[in-house]
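Engineer: Dumping the structure here so I can ask a few things about it.
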Amino acid sequence: MRLFPLPLHLTLGWAGVLATLGLVGFYVPTADKTIGESYLIFFFHFPSAVNCLNLFVIAGVVSGLYLARSSPRLDLWAASAIEVGLLACTITLVTGSIWARAAWGIFWDVRDPRLMTVAIMWLTYAGYLALRGTMDEPVKKALFSGVFGVIAAINVPIVYFAIQFFGQSHHPMNVDLTQFEMRLTEAVGATAFLVLYTAFWRMRFRVHWSRHELNRMESAFHRSGI
Amino acid sequence: MLPREARESVGEVNCLASPAARLDKVRKRFGYRDVLRGISLEIPRGGCFVLTGPNGAGKSTLVRILSTQWSFAEGTVEVLGSNVKREPARVRSRLGIVLHESFLRRELTLEENLHFAAALFSIPRSDQDERIARLLDTFGLTRRRRDTVGTFSQGMIKRASLARSLLNEPELWILDEPFSGLDPAGQELLAKVIGDFHQEGGNRTVVLVTHQLEIGRSLATGSAQITDGRVSHLSLAGLALSSHSGAPGEEAEG
Amino acid sequence: MKALPIFFKLLGWDILREIRRRETIPNMLLFALLVLFVASVGVDRDSGVKISSSVGPVFFWVAILFAGTVGLSQSFAAEREGGVLGGIVTSPIDLGTFYLAKVAATTLYVVVLEIALLFVYGFFFSFVPASQLGGLIGAMSLFTVGYMGAGVVLAAMTTTLRGGGEVVLRILLVPLMIPFLWVILRQSGLFFQTEIAGGALGGPLRQSHFFTFCVALDAIYLTVGYLLFPKVLE
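Residue numbers (my numbering), protein chains in the order written: chain C, 726 to 951; chain V, 851 to 1104; chain P, 62 to 295.
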């Protein structure tokens, strides 16, 4: 971590997003006959969706590790991953909605399985944060969050399977990127958001960890009776 | 240091020689505060070991760890020669526990509650009735055995949970403030039962947490004072108290 | 330690307590009744049969889903009263066995609720054809096992929270159960002989697919619960 300090990590992430914005604005051709200009939001929508899923899965694995090892660091890593995952999930839903309005004429389609999958994941992990919010005792908080983190992660493929496998979606799995410019922009966007979200993840962990250390020191200070 | 297998087999053979409980650098955290700060303590077999100390010193936490109800972050705890993390069931089947909660179901009668507890400890059906009748008699509960526990007073609930804790004929009896809520007759009765429990042979041990120093002094064969998550005074003969409380007794730094 | 006799003992005691207290099932039933009653306002008598039959089953399942959380937290709150749970934790039984007994007991209560609710549903909306009753009750039972399998673990956690944590239990459990409920709802079109919600969810699955799906989910939730439950009680 010393080799790749957080400020640099964060700067690279934002620079990547700016670069994606530039590519989308001035480089990528917009004249696609089938989906029109609105497809440009894809370059922000898709990386968020993928990273959201990654972060949730990682959080599940780290939660499982916490249950095995009981190290407070692991709990805070898992919680941070879910916070950032939820942010990515929200961005996915919002950009998706905007795109849906432009492409299909509606903000939300109750019948679309892929939309429902993301919405259910959002609700599940919002529940995770609600659960954490109700507890003060850090050991109990970590234990219960760990248990729910594991259950929620196991539920992700169930949601996917139950809804995707049986239902039919008119949400495209991937936009048909025919030209080189499109594929380049997609690659830049995906990398940029990966870097940015991992930087956010580290940032959130630092905040949590500092707060944890601060509380510990404060309680040791009170105990020493100075 | 012997390899683990060898140590374990030694533990099996010398079961009676092992202490009733041994804590080694045990740490338990609540919030960001260490309630037990690396406590080490050995409670010998036989006799009545009294734990004293001010409120919030960690006595109840220590008792809950000994009774395998709570886990702990660091250190090792051995009860009756078995590691509580590795062989919890083996420890639990030989413990009798009385804590602030009664462990009794309000909507069941006293007798049903005792049968329920007996089932949890896998006590053979043939022994159950006889043991329950004897314990009900000991604690003066026979008349109320068909009443639901929800109708009991505090003192009666205390007596009932004392009876429950002895059902499995434990080798180690852990009592957290058992005298609170009991009337004078009940306190006298309990003091006598505690005395009989460890004096009747079988090398049985009592761990008693109490603030009532008079009773504590009359019962104690050994004691430890817990202050701020550590053992501040230890005595292997009678009750030890810190010097400023003015009580006599052998004192040692923990 | 023989696990099976302990399992039946624990289940038996749980049922005995429920008989004495008469609390969990009646409260769940009242809650579910309220949901159905409020929903029944939407039935239009003149042109209404179609509307009620396509949305009715949704209300029926929503009522069960929410009533189930009421039952779970009540059943667990009773366990925490007087520290009964502490008595079980400090006894030498395997906590996994206790988990399975608790799942069995709550499943039983919720299935009783579901069967009772079927009559109420028939009264407010329309009766389920007798030929479909067996399939419906089977589907209900399969759903309830998985639902309680996840629910018991979560209820064990949330009942320790401030104020009983009933709201948190719902926030956690309902999203987890949506996919399962979704598939059950699609299948319900068959049992209630109607097209659910105008076919928005898609039609019923093949019988064997549906059965495999339910059993697989039950197995997943029970395994996860069996492994995690002892951790929660630490």
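Idealized CB from N, CA, C, for every residue including glycine.
(1) For C:Ala-740, does the count of other Cβ atoms within 10 angstroms reach 16, so buried, or fall short, so exposed?
(2) So, using beta-carbon positions, are V:Glu-1027 and V:Val-1059 closer together than 7 Å?
(3) Per the DSSP calculation, V:His-1083 is bridged to which residue(s)?
(4) In the DSSP assignment, what are the bridge partners of V:Trp-1023?
(5) Can you name the residues of chain C whose CB is closer than 8 Å to the CB of V:Gly-903?
(6) Does the pairing of the stretch 866-880 of chain C with the stretch 206-215 of chain P give three or more beta-carbon distances under 8 Å?
(7) Between which two residues does the alpha helix (DSSP H) carrying V:Arg-975 extend?
(8) Within the 7 Å Cβ cut-off, does V:Leu-986 reach chain P?
(9) Please classify P:Glu-295: is it buried, with 16 or more other beta-carbons within 10 angstroms of its beta-carbon, or exposed?
(10) Who are the Cβ neighbours of V:His-1048 in its own chain at under 7 Å, not counting the five residues just before and after it?
(11) Quick one: give me the first and last residue of the beta strand (DSSP E) that V:Ala-871 is part of.
(12) Residues of chain V with CB closer than 7 Å to the CB of C:Pro-863, please, in chain order.
(13) Check whether chain V comes within 7 Å of C:Asn-880, counting only Cβ atoms and requiring the distance to be less than that.
(14) Where does V:Leu-886 fall in DSSP's three states?
(15) Taking P:Tyr-182 and P:Phe-121 to be in contact with their CB atoms under 8 Å, please state how far apart those CB atoms are, rounded to whole angstroms.
(16) Thinking C-alpha only, which one of P:Gly-147, P:Leu-94, P:Ser-101 is nearest P:Ile-125?
(17) Say yes only if the C-beta of V:Leu-1022 is nearer than 6 Å to one or more non-hydrogen atoms of the ligand SAH, and no if none qualify.
(18) Grab the span of the beta strand (DSSP E) containing V:Thr-926 for me, first residue to last.
(19) Can you list, in chain order, the residues of the stretch 835-859 of chain C whose Cβ is nearer than 7 Å to any Cβ on chain P?
(20) P:Phe-241 and P:Ala-162: beta carbons closer than 7 Å?
(21) With a 10 Å radius around its C-beta and 16 neighbouring C-beta atoms as the bar for buried, classify P:Thr-221 as buried or exposed.
(22) Using 10 angstroms around the beta-carbon of P:Gly-144, count the other beta-carbons present and answer buried if the total reaches 16, otherwise exposed.
(23) Quick check: C:Ala-784 and C:Ile-816, are their CB atoms within less than 7 Å of each other?
(24) Going by DSSP, which residues form a beta bridge with V:Val-850?
(25) Using a Cβ-Cβ cut-off of less than 8 Å, list which residues of the stretch 152-175 of chain P approach chain V; keep chain order.
(26) For C:His-770 and P:Leu-179, what's the separation of their Cα atoms in angstroms?
(27) Please tell me whether V:Leu-930 and V:Leu-1069 are closer than 7 Å, where the distance is taken between their beta carbons.
(28) Pull up the distance between the alpha-carbon of P:Val-164 and that of P:Pro-265, whole angstroms please.
(29) If we count the other Cβ atoms within 10 Å of its Cβ and call it buried at 16 or more, is P:Gly-250 buried or exposed?
(30) Could you check whether the Cβ of P:Met-238 sits closer than 7 Å to any Cβ belonging to chain C?
(31) Thinking V:Val-927 and V:Leu-886 are a contact (beta carbons under 8 Å), I'd like their distance in whole angstroms, please.
(32) Is it true that the CB of V:Ser-1003 sits closer than 7 Å to the CB of V:Val-947?
(33) Can you confirm whether P:Gly-109, when its beta carbon is compared against all beta carbons of chain C, has any partner nearer than 7 Å?
(34) Take C:Arg-826 and list the residues in its own chain whose beta-carbon comes closer than 7 Å to its own, dropping the five residues that flank it on each side.
(35) Since V:Asn-963 sits in a beta bridge, which residues does DSSP pair it with?
(36) Contact check, P:Ser-30 vs P:Leu-230 under 8 Å by CB: the rounded distance?
Structural biologist: Per the coordinate set shown:
(1) exposed
(2) yes
(3) V:Gln-1075
(4) V:Gly-946, V:Val-1056
(5) Per Cβ cutoff of 8 Å: no residues; V:Gly-903 is ~16 Å from chain C at best.
(6) yes
(7) 975-988
(8) no
(9) exposed
(10) Gly-896, Gly-897, Cys-898, Arg-1054, Thr-1055, Val-1056
(11) 871-880
(12) Gly-881, Tyr-882
(13) no
(14) strand
(15) 5 Å
(16) P:Leu-94
(17) This structure does not include the ligand SAH; it has no bound ligands of any sort.
(18) 924-929
(19) Val-835, Arg-836, Ile-845, Leu-848, Thr-849, Gly-852, Ala-855, Leu-856, Thr-859
(20) no
(21) buried
(22) buried
(23) no
(24) Because chain V here runs from 851 to 1104, residue 850 of chain V falls outside it and cannot be looked at.
(25) Ser-152, Pro-153, Ile-154, Asp-155
(26) 44 Å
(27) no
(28) 28 Å
(29) buried
(30) no
(31) With 8 Å as the limit, V:Val-927 and V:Leu-886 do not qualify as a contact, their Cβ atoms being about 11 Å apart.
(32) Inspection of the sequence shows that residue 947 of chain V is occupied by Ile rather than by Val. Not in contact: V:Ile-947 and V:Ser-1003 (Cβ atoms no closer than 7 Å).
(33) Legend: pLDDT at P:Gly-109 = 48, less than 50; position of this residue unreliable, value from coordinates given subsequently. With 7 Å as the cut-off, P:Gly-109 does not count as an interface residue toward chain C.
(34) Phe-832
(35) According to DSSP, which records beta bridges pairwise, V:Asn-963 is partnered with nothing at all.
(36) Past the boundaries of the shown model lies residue 30 of chain P; chain P is included only from 62 to 295, so the question cannot be answered.
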